[in-house]
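Data first, discussion second: the structure below is written as structure tokens.
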Amino acid sequence: MGWPRICFVLSLFCCGDAATSLCGSCSGHGTCNTATRICNCLRGYQGAQCELRSCPYGIAWADYAVAVDTAHQPAECSNMGLCDTKTGLCSCNDGFEGPACDVMSCPTCVYGRCVTMREAAVAVDDYNFFTQTTYALWDADKVRGCQCNHGFQGYDCSQRTCPSGDDPQTTGQLSEVQHLSCLCDSCTGSFALSFEGFYTVNISPTATAADLAAALNALRPIHGVTVTLSGGGTTVCDADGAVASIAFTKNGGDLPPLRLSSFLTGGISAISIQSGGAAGLYDAVAASVDGTTERLPCSGRGQCDTSSGLCTCVAGFGDSDGGGNAGQIPDCGFGSTATCPMANGFVCNNQGTCSAGTDYKCICSAGFTGVDCTKKSCPTGEAWFDEATAPDIAHATAVCSNKGLCNSVSGLCMCQAGYSGPACEVMDCPGGNPPCSGHGTCRTMAQLAQLATGATGVLQGFTYGNSPSTWDSTKIQGCACSENVFMGPYVAEVNRYQAYDCSQRKPEGMVRTSPGPCSVVGTCVAGADPLERNRVDEHQSLTCFGDGGTFALSFRQFTTPPLSALSSTAEMVAALGALPSIRSVQVSFDSGTVACSVAGVGETNGRDCSVDRRSSSRHRPVYVCPGPSSAADRLDVEPDTVEWRSTFRCHRSLGGWHEIQRRVLSKGFLSRHRTMRLQRRVYFVRRGRQHRDSSRLRLHHHGTLGGHVKTFGEGIESQNMTCSWSGGMINQTCFGLEAIGNRV
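Here the sequence shown stands for residues -18 to -1, 1 to 726, where the numbers follow mature numbering (1 follows the signal peptide of the UniProt record, and there is no 0).
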């Protein structure tokens, strides 16, 4: 009775899913690749066992350039937030929002609405936006700002505008004249006009000049127009075509054109607006006229209080009708004077000069503004948000960079939270105070480009900031996270940080005080997958001719002090091991006890020495045999006696490793996995954090002769190298450097 039950248990153990035995269940969120024994996770999941949720990607706010003037690549949470791997949701930095933290939060927009750069480019309201064009750069849908309601201004639409008008003391100027040309032969329906976002009532094609003027004068921004019909007609439209000339008699300045919405139907109809010097289409009407009068807040004769929107007029000026006469518009547009304004007992506050002629206006010194030079001007910078003036041309100069309000008493910008600089021109680095969580350095996009490295870890020499698309080169900042290197009881202990704010421990390096897979101080250790087959560590070899002088080696932007041609292995180990870019190092020579051979000129065989560069690891390093080998050219090197392979997940915030799977492995497999081919050269073996296409050691000798580098092996790219030497024989040469290896 018990046998079937025993058979069932055995079948579960022996006959289970092979993929599950190799990879585990992949948490039900992936499938096992039996060749690599790695889980291929479904979309939205990540981790060794697909046990973590992944977060959405967006165009990075700050990152390292990938080419000259090319940056802002897709990044998790747009490099402006942290991924919650339990929920798959981004936790965004203050001032950013969206599923991937990909959108700049709008200011409050007290009296307005939030729009993107792309939306601002196509919008025309003749108040905030005047040019219809396109904008499609990297920030088109990311950077946002406020479109203010009529009567309000400021980057957050919190300030009121004051009435604007023509300076009453200037003369010889022209008012704006625009034309409405309309042909309507047996048509019906209506049309409407708008000015600065305000629309008239629907107007009949049989409307008179008085009807059209009344409809326009009813609009809030229009202080007064007169309408004249061409050819002696009585309606704004007729069967032969008519032109209505519209003169803006009480609105100063070069005005935006009236906007037309036509609802004319049936018969034959055509209706249009002419401005900017264009002539009417019928009856040989004179050309339209651009206004040359001023359109100044408080007519240039008063101070504007942006908190109330009221003008305080200087002596001799008061309310006008918009046309230079006394009236009810509180714009300081009526009056006259024969002196410049006084302030604090001085003409123009002693911070400007009185203009010559008859207008009697203050010309303020640099740093001062206002009708009497009592206000201080604020610095300007490239605008964070504004309208494009041509395809992909935006971010013009603006006061406080359109990210702050100007305090006209102090002349200082009051910046939106998250922005700083005299003109609010810089985006603050994330990570609080100190920036970057105290584990990195705040860098502009231009500075980050200079730090960009390729797949080999070598600086690429990129620049960023040479085209209109790189308007952010000195404005947006990001964190260059620190790498602290310690020389403690474990060789080349490293403490690394990552994330957009350098708040998380990077799964590389090693800082620990006792053996084990997990750092007791929190930094997770990275290395090659021990289940990976047919991979070997990279080896680099140096062949050296010479009897004296010095040479130097460099790796990833770090260079040794000058090394003597007669350096011993211990001296080379000390010099190379001191480089922060190398974890640990072994050096061996194929013969002799010094780095370079003392052979004469023309000798074809130099001295080969080998260097083994490795990460600290809980397994033994791969050893390189010095000297010639007369035995087999392969050697199996076993790690410590380990009979299982554990899969750990790095807890980034705590820095600890957590075991999530353990699989039994054969000791023979581990032995084969660590097999390497012996080379009679200097070996530089990179393991752990150094990647397959890692950078080469670079040779420097001091003198006149050159050298070369030779590389080979899977994934290895050749790169030229220079040699120079100092002292010793005249024909000393750093002959070359070889590298093989393909362990990831």
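All C-beta atoms in this analysis are idealised placements derived from N, C-alpha and C, irrespective of residue type, glycine included.
Alpha helix (DSSP H) segment containing residue i, residue limits
i: residue 559; result: 551 to 559
i: residue 199; result: 191 to 199
i: residue 432; result: 427 to 432
Beta-carbon separation (whole angstroms), residue i vs residue j, contact threshold 8 angstroms
i: residue 413; j: residue 461; result: 6 angstroms
i: residue 234; j: residue 263; result: Going by Cβ atoms, the distance from residue 234 to residue 263 rounds to 28 angstroms, so no, they are not a contact pair.
i: residue 136; j: residue 387; result: 6 angstroms
i: residue 395; j: residue 406; result: 5 angstroms
i: residue 391; j: residue 362; result: About 18 angstroms separates the two Cβ atoms, so there is no contact after all.
i: residue 24; j: residue 12; result: 6 angstroms
i: residue 53; j: residue 401; result: About 20 angstroms; that fails the 8 angstroms criterion.
i: residue 547; j: residue 532; result: 7 angstroms
i: residue 241; j: residue 146; result: Wrong, their Cβ atoms sit about 20 angstroms apart, outside the cutoff.
i: residue 418; j: residue 483; result: 6 angstroms
i: residue 450; j: residue 116; result: No, residue 450 and residue 116 are not in contact; Cβ-Cβ is about 14 angstroms, not under 8 angstroms.
Local Cβ density within 10 Å of residue i, reported as buried at 16 or more and exposed below that
i: residue 187; result: buried
i: residue 6; result: buried
i: residue 564; result: buried
i: residue 430; result: buried
i: residue 481; result: buried
i: residue 472; result: Note that residue 472 has pLDDT 38, beneath the 50 cutoff, so the model's placement of it is unreliable and the number below is only indicative. Its Cβ being crowded by 16 or more others within 10 Å, residue 472 is buried.
i: residue 775; result: Absent from the model: residue 775. The displayed extent of the chain is -18 to 726, so no value can be given.
i: residue 552; result: exposed
i: residue 332; result: exposed
i: residue 384; result: buried
i: residue 495; result: Since pLDDT at residue 495 reaches only 33, below the 50 mark, its modelled position is unreliable, and the value read off the structure follows with that caveat. Exposed is the call here.
i: residue 337; result: exposed
i: residue 134; result: buried
i: residue 102; result: buried
i: residue 398; result: buried
i: residue 426; result: buried
i: residue 743; result: Outside the shown range of the chain, which is -18 to 726, sits residue 743, and nothing can be said about it.
i: residue 345; result: exposed
i: residue 183; result: exposed
i: residue 22; result: exposed
i: residue 328; result: exposed
i: residue 448; result: exposed
i: residue 151; result: buried
i: residue 90; result: exposed
i: residue 114; result: exposed
Start-to-end residues for the beta strand (DSSP E) that takes in residue i
i: residue 95; result: 94 to 98
i: residue 71; result: 71 to 74
i: residue 114; result: Segment: none, residue 114 is in no beta strand (DSSP E) and carries neither H nor E.
i: residue 367; result: Segment: none, residue 367 is in no beta strand (DSSP E) and carries neither H nor E.
i: residue 314; result: 311 to 317
i: residue 56; result: 56 to 58
i: residue 537; result: 532 to 537
i: residue 15; result: 12 to 15
i: residue 729; result: Shown here, the chain extends from -18 to 726; a query on residue 729 therefore has no answer.
i: residue 299; result: 299 to 302
i: residue 21; result: 20 to 23
i: residue 728; result: In the structure displayed, the chain extends from -18 to 726; residue 728 sits before or after that span and is not available.
i: residue 263; result: From DSSP, residue 263 is part of no beta strand (DSSP E); its letter is neither H nor E.
i: residue 458; result: Segment: none, residue 458 is in no beta strand (DSSP E) and carries neither H nor E.
i: residue 39; result: 39 to 41
i: residue 294; result: 292 to 295
i: residue 126; result: 126 to 130
i: residue 77; result: Here residue 77 belongs to no beta strand (DSSP E), and DSSP marks it neither H nor E.
Within-8 angstroms CB hit, residue i to chain D
i: residue 395; result: No chain D appears in this structure, which consists of one protein chain only.
Cβ contact check for the segment 74 to 90 and the segment 106 to 114: 3 or more pairs under 8 angstroms: With the cut-off at 8 angstroms, the segment 74 to 90 and the segment 106 to 114 do not touch.
Complete beta strand (DSSP E) runs within the segment 379 to 418 (minimum length 3 residues, chain order): 379 to 381, 386 to 389, 394 to 397, all fully within the segment 379 to 418.
Pair every Cβ in the segment 150 to 162 with every Cβ in the segment 78 to 96, then say whether three or more of these pairs are closer than 8 angstroms. Here the segment 150 to 162 does not lie against the segment 78 to 96, with fewer than 3 beta-carbon pairs under 8 angstroms apart.
Would the segment 263 to 272 and the segment 297 to 309 be scored as touching if the rule is three or more Cβ pairs under 8 angstroms? With a cut-off of 8 angstroms, the segment 297 to 309 and the segment 263 to 272 do not count as touching, because too few Cβ pairs lie within range.
Pairs of beta-carbons, one from the segment 237 to 248 and one from the segment 168 to 177, closer than 8 angstroms: are there three or more? Verdict: yes, contact present.
Within the chosen definition, does the segment 124 to 136 reach the segment 94 to 102 through at least 3 CB pairs nearer than 8 angstroms? Touching, per the Cβ criterion.
Under 8 angstroms, with one C-beta from each stretch per pair, do the segment 276 to 284 and the segment 193 to 207 reach the 3-pair mark? With the cut-off at 8 angstroms, the segment 276 to 284 and the segment 193 to 207 do not touch.
So does the segment 313 to 324 actually touch the segment 294 to 301, counting three or more Cβ pairs closer than 8 angstroms? Counting Cβ pairs under 8 angstroms, three or more are found: they touch.
Please determine if the segment 33 to 51 and the segment 418 to 437 are in contact, where contact requires at least 3 C-beta pairs separated by less than 8 angstroms. Taking 8 angstroms as the limit for Cβ pairs, the verdict is that the segment 418 to 437 does touch the segment 33 to 51.
Just checking, does the segment 61 to 70 make contact with the segment 30 to 37 on the three C-beta pairs under 8 angstroms criterion? Per the Cβ contact rule, the segment 61 to 70 is in contact with the segment 30 to 37 (3 or more Cβ pairs under 8 angstroms).
So, does the segment 413 to 427 touch the segment 367 to 376, judging by three or more C-beta pairs under 8 angstroms? No, the segment 413 to 427 does not touch the segment 367 to 376.
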